[in-house]
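A short worksheet on the structure shown next.
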Amino acid sequence: MPELPEVETTRRGLEPHLVGRRVVALDVRQPRLRWPLPRELYDSLPGQRIDGIERRAKYLLVHTEPGSALLHLGMSGSLRVLPQDTPAGTHDHVDWRLDSGHVLRYTDPRRFGYQLWQPHGETHELLAGLGPEPLSDAFDGDLLWHLSRGRRAAVKLFLMDQAVVVGVGNIYASEALFAAGVHPKRAAGSVSRERYARLAREVKRILAYAIRRGGTTLRDFISPDGLPGYFEQELFAYGREGEPCKVCGAPIRAIVLGQRSTFFCARCQR
Ligand SMILES: [Zn+2]
581 MPELPEVETT RRGLEPHLVG RRVVALDVRQ PRLRWPLPRE LYDSLPGQRI
631 DGIERRAKYL LVHTEPGSAL LHLGMSGSLR VLPQDTPAGT HDHVDWRLDS
681 GHVLRYTDPR RFGYQLWQPH GETHELLAGL GPEPLSDAFD GDLLWHLSRG
731 RRAAVKLFLM DQAVVVGVGN IYASEALFAA GVHPKRAAGS VSRERYARLA
781 REVKRILAYA IRRGGTTLRD FISPDGLPGY FEQELFAYGR EGEPCKVCGA
831 PIRAIVLGQR STFFCARCQR
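Okay, structure coming up:
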């Protein structure tokens, strides 16, 4: 599943090819993505010049004068800029024809992604109520500490709550908790201010690193499957059940929290 670093890498890859270009037409081969392509997208986007491309959480916002296309890659979606005559495959559902002679092609085997429309001056309901960006100054240990007081939910679920901070997915939450030495099941309200300061620093470090790696490993803006931008051998906890902890040698354990696999070292994380 594309996580925040892959979406940010996609944004950076697309930006020079999209900004300043005009969308000539939409070629839709399969309108039924997670949600059907809305009428407003067909009506509003063609003819518009792209003024910018922004990432918010795992959404991409492609800004034009009357509004913004809101794109989400779902579980298996990817976006590429290709020459217009590139033949479309089975899973190439939507093309935006650009005035550059290229298309922005959306490919998604599982069709959990979507393309929606946000009129200028409005905030789409999917974007309302989101917490701060993890790499912004608004996100720090004090924020986590304040928001977590009195909360008995597991700290990992608290960290993955989009109303607390956006875009800390399962892999990155597991790795940040390991790096900060915090047990994923610990009640969020029982983690000290100092430990939250460390946890917030580790979240930023790990995400920034993954974005840097993504920027050098992705080609043609495709997010590869698996763990794009973050090499498996660099993981300390995620996906390592039964393997020795790289710090203390104890076996990494796996539990299910909020229906997601969670990996941790019972010796290093308290
Ligand atoms: Zn350990």
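Every position in the sequence shown, counted from 1, becomes a number in our numbering once 580 is added.
Glycine included, every Cβ here is placed at the ideal spot set by N, Cα and C.
Checklist line | Residues near ALA734 by beta carbon distance below 8 Å, same chain, minus five either side | finding: The residues are PRO764, LYS765, ARG766, ALA767, ALA768, LEU837, GLY838.
Check: What residues does ligand 1 have around it, judged by CB closer than 6 Å to any heavy atom, in chain order?
Finding: Qualifying residues come out as CYS825, VAL827, CYS828, ALA830, CYS845, ARG847, CYS848.
Notebook entry, point to check: What beta strand (DSSP E) runs, 3 residues minimum, are completely inside the region 676-726?
Noted result: You should have 682-687, 694-699.
Checklist line | Residue burial classification, PHE801 (beta-carbon count within 10 angstroms, cutoff 16) | finding: Residue placement at PHE801 cannot be trusted, given a pLDDT of 39 that sits under 50; the coordinates are not used to answer.
Margin query: By the three-class DSSP mapping on this structure, what secondary structure does ARG850 have?
Written below: Judged by DSSP in its simplified three-state form, ARG850 adopts coil rather than helix or strand.
Next item on the list: Below 7 Å CB to CB, which residues in the same chain sit around LYS929 once its five sequence neighbours on both sides are set aside?
Entry: Past the boundaries of the shown model lies residue 929; the chain is included only from 581 to 850, so the question cannot be answered.
Check: With distances taken between CB atoms, is the gap from GLY747 to GLU583 smaller than 9 Å?
Finding: Going by C-beta atoms, GLY747 is nearer than 9 Å to GLU583.
Notebook entry, point to check: Can we say the region 688-706 touches the region 628-636, given the rule of at least three CB pairs closer than 8 Å?
Noted result: No: fewer than three Cβ pairs fall under 8 Å.
Next item on the list: Just confirm the distance between the C-beta atoms of ALA760 and ARG775, as a whole number of angstroms; I'd bet it's less than 8 Å.
Entry: Rounded, the Cβ-Cβ distance is 7 Å, consistent with contact.
Notebook entry, point to check: Among ALA637, GLY600, LEU606, VAL604, which residue has its Cα nearest to the Cα of THR589?
Noted result: Closest in alpha carbon position to THR589, among ALA637, GLY600, LEU606, VAL604, is ALA637.
Next item on the list: Give the secondary structure of GLU583 by DSSP, where H, G and I count as helix, E and B as strand, and everything else as coil.
Entry: In the structure shown, the three-state DSSP call for GLU583 is coil.
Item checked: GLY747 - DSSP class collapsed to helix/strand/coil -> In the three-state scheme derived from DSSP, where H, G and I count as helix and E and B as strand, GLY747 is classed as coil.
Item checked: From GLN664, SER648, SER656, TRP615, residue whose alpha carbon lies closest to that of HIS671 -> Minimum Cα-Cα distance from HIS671 among the listed residues GLN664, SER648, SER656, TRP615 corresponds to SER656.
Notebook entry, point to check: Three-state secondary structure (DSSP) at LEU640?
Noted result: Correct three-state label for LEU640: strand.
Margin query: Do VAL642 and LEU598 count as a contact pair if the criterion is CB distance below 9 Å?
Written below: It is a contact, given that the beta carbons lie within the stated cut-off.
Check: Would VAL745 be called buried (16 or more neighbouring beta carbons within 10 Å of its own) or exposed?
Finding: Classification for VAL745: buried.
Notebook entry, point to check: How big is the Cα-Cα spacing for LEU659 and THR687?
Noted result: Going from the Cα of LEU659 to the Cα of THR687 covers about 6 Å.
Notebook entry, point to check: Is ASP800 helix, strand or coil when you go by DSSP?
Noted result: With a pLDDT of only 39 at ASP800, under the threshold of 50, the placement of this residue in the model should not be trusted, and no figure is reported.
Item checked: Assigned exposure category for LEU798 - 16 Cβ within 10 Å defines buried -> Residue placement at LEU798 is poorly supported in this model, since its pLDDT is 41, which falls under 50; the coordinates are not used for a value here.
Checklist line | DSSP state of THR666 mapped onto helix, strand, coil | finding: Reduced to three states, the DSSP call for THR666 is coil.
Checklist line | Within 9 Å, strictly: CB atoms of ALA830 and ALA817 | finding: Result no, Cβ atoms of ALA830 and ALA817 do not sit closer than 9 Å.
Notebook entry, point to check: What did DSSP end up calling ASP631 once you bin it into helix, strand or coil?
Noted result: DSSP, reduced to helix, strand and coil, places ASP631 outside both helices and strands of the structure shown, so it counts as coil.
Note to self: For THR644, tell me which candidate among ASP675, GLN628, LEU724, SER772 has the shortest Cα-Cα distance.
What the structure shows: Looking from the CA of THR644, the closest CA among ASP675, GLN628, LEU724, SER772 belongs to GLN628.
Notebook entry, point to check: Start and end of the alpha helix (DSSP H) containing PHE844?
Noted result: Note, PHE844: premise wrong, no alpha helix (DSSP H); beta strand (DSSP E) at 840-844.
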